[in-house]
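Residue numbers (this note's numbering): 9 to 446.
We treat Cβ as the ideally placed atom computed from N, Cα and C, and that holds for glycine.
Below: the structure, in structure tokens.
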Amino acid sequence: MAKRKVKIGLVCLARNTFDYKAAEEIYHGIVRALGEREDLELAAYPDLVMLGGEAAEAGEFLRREGVDGVALISGTFHLGILALEIKKRCDKPLLLWGLPELPYNGGKIRLNSVCGVNLNASNLFKSGHTDFTYKVSDGIDEDWLDAVRMIAALREARVCVLGSRAHGFYNVDVDELALYRKYGCTVDFAELSEAFSYPADEKAKAEYSARVEKEFDCGGITSAQKEKVAALAASLRAFSESRGYSAVAVRCWPEFAASYGIAPCASMSLVQDDGLIFACEGDVDCALTMICHKAAGADAPFMADVSQVDTMANTALMWHCGVAPRCLAGGGCTATLDTYFAGGKGVTAGFVLKCGRVDIARLDSVNGRYRLYTESGEAVPMDKLLTGTYAKVKFDRPATEVMDRIIYGGVAHHVSMAYGDFSGAFAAFAKLTGTERI
9 MAKRKVKIGL VCLARNTFDY KAAEEIYHGI VRALGEREDL ELAAYPDLVM LGGEAAEAGE
69 FLRREGVDGV ALISGTFHLG ILALEIKKRC DKPLLLWGLP ELPYNGGKIR LNSVCGVNLN
129 ASNLFKSGHT DFTYKVSDGI DEDWLDAVRM IAALREARVC VLGSRAHGFY NVDVDELALY
189 RKYGCTVDFA ELSEAFSYPA DEKAKAEYSA RVEKEFDCGG ITSAQKEKVA ALAASLRAFS
249 ESRGYSAVAV RCWPEFAASY GIAPCASMSL VQDDGLIFAC EGDVDCALTM ICHKAAGADA
309 PFMADVSQVD TMANTALMWH CGVAPRCLAG GGCTATLDTY FAGGKGVTAG FVLKCGRVDI
369 ARLDSVNGRY RLYTESGEAV PMDKLLTGTY AKVKFDRPAT EVMDRIIYGG VAHHVSMAYG
429 DFSGAFAAFA KLTGTERI
């Protein structure tokens with residue numbers, strides 16, 4: 009999955025009492041390297057910034073460019089006013105970027121870049137700006153970049169709640185204006201009937217019908233149910249794309265099956281295979297976390313519950329009722345469409361997910377205050393013994409600690425799960441946005 013493209017501002021700070029010529033050469037090399045990347049748009053200030061007036065001009069340049077984040081390179085040690093002048097004019101998440109020291113020349117420190125990072129961090133922190141991370145490296149901090157992608161994705165996100173949250177799931181409710189204030193995203197509401205009756209062309213229905221026949225064993229459902237799965241998938245996709253939603257959180261029970269004839273699980277699996285984000289049970293916060301995963305390059309994030317825990321084996325069954333995208337099915341596993349709830353109207357996807365490194369996360373709100381829960385682990389082999397979509401995950405920390413964090417932290421019972429390692433990106437996201445980490 010391609011990462012979300014973001015626009016990054018780049019400025020190099022320096023002082024002529026150090027080897028600013030060497031810093032300038034390094035800076036130009038960084039600009040050339042970053043300028044070749046397809047996942048970035050670069051707004052690089054062309055000259056070294058040494059004086060307060062130059063910093064003000066650089067800040068205005070970045071503001072006009074509309075950057076998503078700013079990488080401040082301490083090319084050498086420099087004046088303390090420079091970062092403050094830039095931040096004043098372009099208030100975006102910062103990377104304080106230090107360069108490794110060059111070989112000494114005549115007994116003199118040539119760059120003293122790390123001290124410049126320290127100076128900037130202290131000045132920013134004590135002036136109330138904590139939305140920065142730092143790195144001392146020849147290359148840009150990829151975790152910071154991915155965090156900026158997450159922040160940009162949430163700022164522009166529009167999430168639709170179809171129906172409402174699921175009955176009794178008070179813990180997944182959100183304060184819409186608190187959400188907007190914190191991350192900039194907005195929430196719309198629509199009736200369930202708007203989606204399942206949304207016009208979709210016959211070609212899309214036929215394509216989904218062919219995929220159902222090709223990708224799933226449908227022996228457990230009727231021909232009429234297969235047709236409904238394909239038609240609903242076409243309608244859900246047309247509804248989401250025509251309205252420009254970043255994600256849709258669906259009240260998928262109890263009314264959906266009674267009103268439409270099947271529950272939407274299998275159809276949601278199909279559209280998520282197309283790269284759309286659909287969350288079950290009206291869970292907006294889980295949908296937001298899936299948006300973050302996708303922005304950082306996760307391939308097909310999906311919703312899961314911590315359903316069973318084996319403390320001796322240090323594993324948990326990460327399960328949900330059958331909405332994970334088909335592309336995540338493990339090899340050797342027969343994917344099925346099944347009916348096991350809602351009086352035979354469930355129609356869910358069923359398969360074991362593939363093995364591999366997994367990342368688990370949830371943005372979780374408490375009375376309008378946001379926290380971030382994260383875990384990492386490995387999806388390990390297991391037989392297909394259940395309906396639904398699921399994986400057995402061996403955690404990096406003891407399972408008892410995992411459960412303690414979830415239970416005593418009051419974390420809601422849905423998480424976004426994605427293949428890969430996004431722990432560093434989420435840590436940077438929390439730092440840049442002032443989000444508490446559980």
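- Between the stretch 328-347 and the stretch 391-407, the count of Cβ pairs shorter than 8 Å is three or higher; the stretches touch.
- Secondary structure of residue 327 (DSSP, three-state): strand.
- Taking a cut-off of 8 Å on C-beta distances, the stretch 146-163 touches the stretch 100-109, as three or more cross pairs fall below it.
- Its chain contains 50 as the residues whose beta carbon lies nearer than 6 Å to that of residue 43, once the 5 sequence neighbours on both sides are disregarded; these appear in chain order.
- With respect to the 8 Å criterion, residue 333 and residue 291 are not classified as neighbours on the basis of their beta carbons.
- Residue pairing of residue 24 in beta bridges, as defined by DSSP: absent, with no partner found.
- Runs of the beta strand (DSSP E) lying entirely within the stretch 28-104 and spanning at least 3 residues, in chain order: 48-52, 77-82.
- Between residue 446 and residue 419, the CB-CB gap stays under 8 Å.
- Taking the Cα positions, residue 321 is about 14 Å away from residue 411.
- A Cβ-Cβ separation of about 14 Å leaves residue 369 out of contact with residue 421 under the 8 Å criterion.
- Annotation for residue 320: no beta strand (DSSP E) segment contains it, and DSSP assigns it neither H nor E.
- For residue 120, the secondary structure class from DSSP, reduced to helix, strand or coil, is coil.
- Around the beta carbon of residue 262, a 10 Å sphere encloses fewer than 16 other beta carbons of the protein chains shown; the residue is thus reported as exposed.
- Collapsing the DSSP output to three states places residue 400 in a strand.
- No residue range can be given for residue 253, since it is assigned to no beta strand (DSSP E) and is classified by DSSP as neither H nor E.
- As the crow flies, the alpha-carbon of residue 33 is around 17 Å from that of residue 117.
- Contact between the stretch 164-183 and the stretch 251-260 is present: three or more C-beta pairs spanning the two stretches fall below 8 Å.
- At a Cβ-Cβ threshold of 8 Å, residue 371 and residue 319 do not count as neighbours.
- The Cβ atoms of residue 311 and residue 287 sit closer than 8 Å to each other.
- Taking the Cα of residue 305 as reference, the smallest distance to any Cα among 113, 367, 394 is reached at 367.
- According to the DSSP secondary-structure assignment, residue 16 is paired through a beta bridge with 50, 77.
- For residue 166, the beta-bridge partners assigned by DSSP are 194.
- Note that the C-beta distance between residue 57 and residue 90 is below 8 Å.
- Non-local C-beta neighbours of residue 182 in its own chain, meaning closer than 8 Å and more than five positions away in sequence, comprise 195, 292, 293, 373, ordered along the chain.
- Residue pairing by DSSP places residue 113 opposite 116 in a beta bridge.
- Looking at the DSSP output, residue 141 sits in a beta bridge with 103.
- For the options 277, 406, 115, 384, the alpha carbon positioned closest to that of residue 428 is the one of 384.
- Sequence-distant Cβ neighbours of residue 201 in its own chain, meaning closer than 8 Å and more than five residues away, are 267.
- Annotated as proximal: residue 78 and residue 98, with beta-carbon spacing under 8 Å.
- Here the C-alpha atom of residue 109 lies approximately 15 Å from the C-alpha atom of residue 23.
- Residue 17 and residue 171 have their C-alpha atoms some 41 Å from each other.
- In the three-state reduction of the DSSP assignment, residue 373 falls in the strand class, which pools E and B.
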